[in-house]
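Per the working numbering, residue 1 is the first one in the sequence shown, and the count goes up by one each step. Report on the structure given below.
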Amino acid sequence: MSTSSTNHHIRAVFFDFDGTLVESERLHYECWMDAVGPYGGHITWPEYYQLLTGRSDLDAGRLLLTRAGLEPTEEHLTNACQAKTRAYLARFLDELRIEKSVSSWIRNTPDYLHIGVVTSSGEHEVVPVLVKCGIYNSLSLSVYGNDVTNLKPDPEPYLLAIQRATKAAQTQGERAITKEQCLAFEDSEAGISSAVAAGLRVVEVGSPDNVWGILVKEGLAG
Numbered sequence: 001m002s003t004s005s006t007n008h009h010i011r012a013v014f015f016d017f018d019g020t021l022v023e024s025e026r027l028h029y030e031c032w033m034d035a036v037g038p039y040g041g042h043i044t045w046p047e048y049y050q051l052l053t054g055r056s057d058l059d060a061g062r063l064l065l066t067r068a069g070l071e072p073t074e075e076h077l078t079n080a081c082q083a084k085t086r087a088y089l090a091r092f093l094d095e096l097r098i099e100k101s102v103s104s105w106i107r108n109t110p111d112y113l114h115i116g117v118v119t120s121s122g123e124h125e126v127v128p129v130l131v132k133c134g135i136y137n138s139l140s141l142s143v144y145g146n147d148v149t150n151l152k153p154d155p156e157p158y159l160l161a162i163q164r165a166t167k168a169a170q171t172q173g174e175r176a177i178t179k180e181q182c183l184a185f186e187d188s189e190a191g192i193s194s195a196v197a198a199g200l201r202v203v204e205v206g207s208p209d210n211v212w213g214i215l216v217k218e219g220l221a222g
């Protein structure tokens, strides 16, 4: 492995996916508007960003259907979520990418540094992008929305990430990884709350364009 790191205290780095590794939040918004348009559930992009960034599709569907004046019954919610997923899957592989500097760093991290993706999105919405960008096989762990009972802002996703990072470390003959040795990258209030509740230090990225600079600032890349 060629990339060096000066911050040896950190042994695990966890990346959120949507809005952190990839600029996908606008795509999610557009697909939701396609899905709930027939119901009259339109909201503006700023409203969506404030209310629903980092939230699950079920949470988004409930809010948007309620905004449309509909009871978010199981039938309405299922139909809306399925329509949104179809729209998203038709576009995401063509439109989403991970910054080359970040993907290269992930592929070349030292063996002691365990990299993971921790997201509320389903595996089927994330893995194809990780594979396309060439980092899937370089990850020590992943936590998807379908892996947990409670999504962000609950701490469960990050608590599971620590467990999986420890398992990966111990497979290599290393000690267990503690929460103090983990760093989370997040863009949303829900994600930040999840990481903090799990006892992790978290950095707010704002945009995927900022991730590389933060890695450098943290002494993890350079």
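Cβ atoms here follow ideal geometry from the backbone N, Cα and C, with glycine treated the same way.
- Of Cys-31, Val-131, Gly-122, Ile-115, the smallest CA-CA separation from Ala-87 is found for Cys-31.
- About 17 angstroms separates the beta carbon of Ile-192 from that of Ala-12, a gap too long to meet the 8 angstroms contact definition.
- In its chain, beyond the 5 residues on either side, Trp-32, Leu-52 have a beta carbon closer than 7 angstroms to the beta carbon of Ala-60.
- As computed with DSSP, Cys-182 is found in a beta bridge with Ala-12.
- Note on Glu-186: 16 or more other CB atoms within 10 angstroms of its CB, so buried under the neighbour-count rule.
- Around the C-beta of Arg-164, 16 or more other C-beta atoms lie within 10 Å, and the residue is accordingly described as buried.
- Excluding its 5 nearest sequence neighbours in each direction, Gly-206 has C-beta neighbours in its own chain below 7 angstroms: Asp-187, listed in chain order.
- Going by beta carbons, Tyr-49 and Glu-75 fall outside the 9 angstroms limit.
- DSSP places Gly-116 inside the beta strand (DSSP E), whose first and last residues are 114-118.
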